[in-house]
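First to last, the protein sequences are chains A and B.
If you use the UniProt record's numbering, the first sequence corresponds to residues 1 to 239, in order.
If you use the UniProt record's numbering, the second sequence corresponds to residues 1 to 239, in order.
Each residue gets a CB set at the ideal place from its N, CA and C atoms; glycine is no exception.
Number of protein chains: 2
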Amino acid sequence: MKINKYKHIYEELAAKMKDGIFQPGELIPSENELAQQYETSRETIRKALTLLSQNGYIQKLRGKGSVVLDTSRAIFPVSGLVSFKELAEQMKGPVTTRVEEFGLIKPEPFLQHQLQCNAKDDTWKVTRTRAFDDERVILDKDFLLKKFIPDLTEEICKDSIYSYIEQELGLTISFAKKEIVVESCTEEDKQYLDLNGFLHVVVVKNYVYLDDASLFQYTESRHRLDKFRFVDFARRQTT
Amino acid sequence: MKINKYKHIYEELAAKMKDGIFQPGELIPSENELAQQYETSRETIRKALTLLSQNGYIQKLRGKGSVVLDTSRAIFPVSGLVSFKELAEQMKGPVTTRVEEFGLIKPEPFLQHQLQCNAKDDTWKVTRTRAFDDERVILDKDFLLKKFIPDLTEEICKDSIYSYIEQELGLTISFAKKEIVVESCTEEDKQYLDLNGFLHVVVVKNYVYLDDASLFQYTESRHRLDKFRFVDFARRQTT
DNA sequence: TTGATTAAGATGTATATACAAGTTTAGGAG
DNA sequence: CTCCTAAACTTGTATATACATCTTAATCAA
Chain A
1 MKINKYKHIY EELAAKMKDG IFQPGELIPS ENELAQQYET SRETIRKALT
51 LLSQNGYIQK LRGKGSVVLD TSRAIFPVSG LVSFKELAEQ MKGPVTTRVE
101 EFGLIKPEPF LQHQLQCNAK DDTWKVTRTR AFDDERVILD KDFLLKKFIP
151 DLTEEICKDS IYSYIEQELG LTISFAKKEI VVESCTEEDK QYLDLNGFLH
201 VVVVKNYVYL DDASLFQYTE SRHRLDKFRF VDFARRQTT
Chain B
1 MKINKYKHIY EELAAKMKDG IFQPGELIPS ENELAQQYET SRETIRKALT
51 LLSQNGYIQK LRGKGSVVLD TSRAIFPVSG LVSFKELAEQ MKGPVTTRVE
101 EFGLIKPEPF LQHQLQCNAK DDTWKVTRTR AFDDERVILD KDFLLKKFIP
151 DLTEEICKDS IYSYIEQELG LTISFAKKEI VVESCTEEDK QYLDLNGFLH
201 VVVVKNYVYL DDASLFQYTE SRHRLDKFRF VDFARRQTT
């Protein structure tokens with residue numbers, strides 16, 4: 001057991017809610033009770049409960065306890081950072097990824113700005129289409145800085161770039177800034193997607209950072225309008 | 001000074017980053033230094049820094065310190081819970097709200113499901129349009145349970161419902177679940193919005209909860225495609 | 001019965017200490 | 001000069017204690 005104690009407790013309690021052992025609306029045991037059960041201090045329990053609260057599992061009620069929230073509605077949390085592979089695993093029906101373009105480029109000014117790099121920073125460009133039920137509905141354009149990922153292959157892109165980066169390279173993806181807008185279809189969209197007459201796409205622009213706060217990837221994920229869905233859990237800004 | 005110590009420190013440090021006193025890329029003083037400066041314990045400092053980290057102000061680097069992130073790109077954080085009024089204050093140009101419909105209704109089955117209530121729960125229905133530069137680009141449909149908000153007036157809706165709930169009623173809005181999808185325009189959309197020929201709208205469905213975890217509001221915010229923008233900061237899921 | 005008071009138990013905040021683990025720097029051995 | 005080690009400093013985790021604040025239930029008085 002090398003995992004942290006409080007993360008372990010978090011996992012265990014979260015599992016109990018997913019499995020329905022703790023039902024929505026119920027109170028979970030108090031912090032002191034949990035501290036006894038897990039033979040730990042109250043502060044450690046509180047760290048676990050804080051995580052549960054942040055991720056929408058519980059609501060803490062001062063003087064009363066912690067009530068279990070209904071997490072069944074949020075089918076998949078695109079909030080947080082979820083890769084396409086993780087997302088695909090939760091979908092029913094056949095899901096396929098196809099690599100349309102793959103290569104090393106020199107970033108033009110727009111990309112230099114997005115990736116905060118200069119013209120001589122080699123950059124991987126990967127274009128992939130994602131199909132559900134044989135309909136190509138997502139076009140993913142990835143740009144990754146070579147200085148962080150020296151060796152990338154088409155083979156890796158067919159699977160999951162994130163797995164490769166985290167498992168093989170040992171890098172840690174830490175946070176991302178996301179922007180969602182709607183744009184008119186480009187020629188590229190028309191070429192690679194089954195647009196069914198839609199004139200616009202939802203564009204998710206992702207700026208992905210490693211745990212040392214260095215920006216290493218810019219991604220544009222272009223979704224056909226009718227297949228786009230974004231779910232979020234947001235706590236009120238701590239002000 | 002009745003505010004919490006760690007929240008106060010959070011505010012002060014966040015302000016220093018907004019004002020550029022702490023520049024992106026720089027390290028802020030160490031936890032021990034800050035503890036001395038603020039004449040408090042390291043744990044209290046850590047709580048403040050945790051908030052800063054969660055809200056995208058800093059990245060903590062073990063063994064090194066906390067580096068300031070660039071927050072200039074995220075112009076307005078729609079993430080978290082931001083009301084239209086707060087959002088409007090950050091826009092340039094004239095912004096107006098108009099109440100199109102206002103009244104008390106009995107919820108039909110769809111609404112009963114959304115609000116998790118039954119047919120006899122009186123519900124306020126408020127329909128408002130939001131205009132930027134005299135173009136009506138957002139249609140907000142609010143449904144609020146009367147048992148939480150007994151007295152609502154058209155006057156209040158012209159201003160800000162949230163301010164009324166929090167300041168006048170003393171209720172605390174705590175968290176929300178959000179879903180973003182794209183839908184075809186309805187007759188209502190065509191009636192109330194200046195659609196400029198767009199056939200779809202971006203629909204943000206909001207389920208808003210009070211701090212006792214009771215659902216009290218369901219809102220549909222319908223945006224003209226070209227005026228929609230959503231910005232998010234997401235840390236990788238703590239797994 | 002009703003109402004106010006009290007006590008018990010819950011979470012929230014603040015402080016203190018100890019050690020683990022990662023980074024950097026200084027200094028010494030070769 | 002180069003390389004390695006150790007020390008100093010950083011953040012991360014775990015524990016302990018004290019008190020504040022809020023909720024609920026029990027108790028007591030009118």
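If we count the other Cβ atoms within 10 Å of its Cβ and call it buried at 16 or more, is Ala14 of chain B buried or exposed? So Ala14 of chain B ends up on the buried side.
Given a cut-off of 7 Å, decide if Val137 of chain A and Lys205 of chain A are closer than it, judged by their beta-carbon atoms. no
Can you check which of these residues, A:Glu26, A:Asp212, A:Cys185, is closest to Glu26 of chain B by C-alpha distance? A:Asp212
Tell me where the alpha helix (DSSP H) around Glu12 of chain B begins and ends. 5-18
How long is the line joining the alpha carbons of Tyr207 of chain A and His8 of chain B, rounded to whole angstroms? 30 Å
Below 8 Å on C-beta distance, what does Phe175 of chain A contact in chain B? Residues of chain B passing the Cβ test: Gly56, Gln59, Phe233, Ala234, Arg235, Arg236.
Cβ-based neighbour list, Glu154 of chain A, same chain, cut-off 6 Å, excluding 5 preceding and 5 following: Val99, Phe102
Let me confirm a value: Ser163 of chain B is counted as buried when at least 16 other C-beta atoms fall within 10 Å, else exposed. Which label applies? exposed
Mind checking the stretch 191-213 of chain A against chain B and listing, in chain order, the residues whose C-beta falls within less than 7 Å of any C-beta there? Listed by position along the chain: His200, Val202, Asp212, Ala213.
For Arg46 of chain B, which residues from the same chain have a beta carbon less than 8 Å from its beta carbon, with the 5 sequence-adjacent residues on both sides left out? Glu31
So if I threshold CB-CB distances at 7 Å, which residues from the stretch 130-146 of chain B count as touching chain A? Close to chain A, meaning a Cβ-Cβ distance shorter than 7 Å, is no residue of the stretch 130-146 of chain B at all.
How many Å lie between Lys147 of chain B and Arg130 of chain A at the Cα? Between the alpha carbons of Lys147 of chain B and Arg130 of chain A lies a distance of about 46 Å.
Give every residue of the same chain whose Cβ lies closer than 7 Å to the Cβ of Glu179 of chain B, excluding the five residues on either side of it in the sequence, and list them in chain order. These residues qualify, in order along the chain: Lys205.
Quick one: list the residues of chain A neighbouring Leu225 of chain B, beta-carbon separation under 8 Å, in chain order. Val182, His200
With Ile45 of chain B as the anchor, note down where its alpha helix (DSSP H) starts and where it stops. Note, Ile45 of chain B: alpha helix (DSSP H), 42-54.
Kindly indicate the opening and closing residues of the alpha helix (DSSP H) around residue 247 of chain A. It is not possible to answer for residue 247 of chain A, since the shown part of chain A is limited to 1 through 239.
Quick one: what's got a C-beta closer than 7 Å to Ser41 of chain A's C-beta in the same chain, skipping five residues either side? Ala35
Quick one: is Ala234 of chain A buried, meaning 16 or more other Cβ sit within 10 Å of its Cβ, or exposed? Flag for Ala234 of chain A reads buried.
Report the rounded CA-to-CA distance for Cys117 of chain A versus Ile165 of chain A, giving the unit in angstroms. One C-alpha to the other measures close to 20 Å.
Spatial neighbours of Ser184 of chain A within its chain, please: C-beta separation below 7 Å, excluding the five flanking residues on both sides. Leu199, His200
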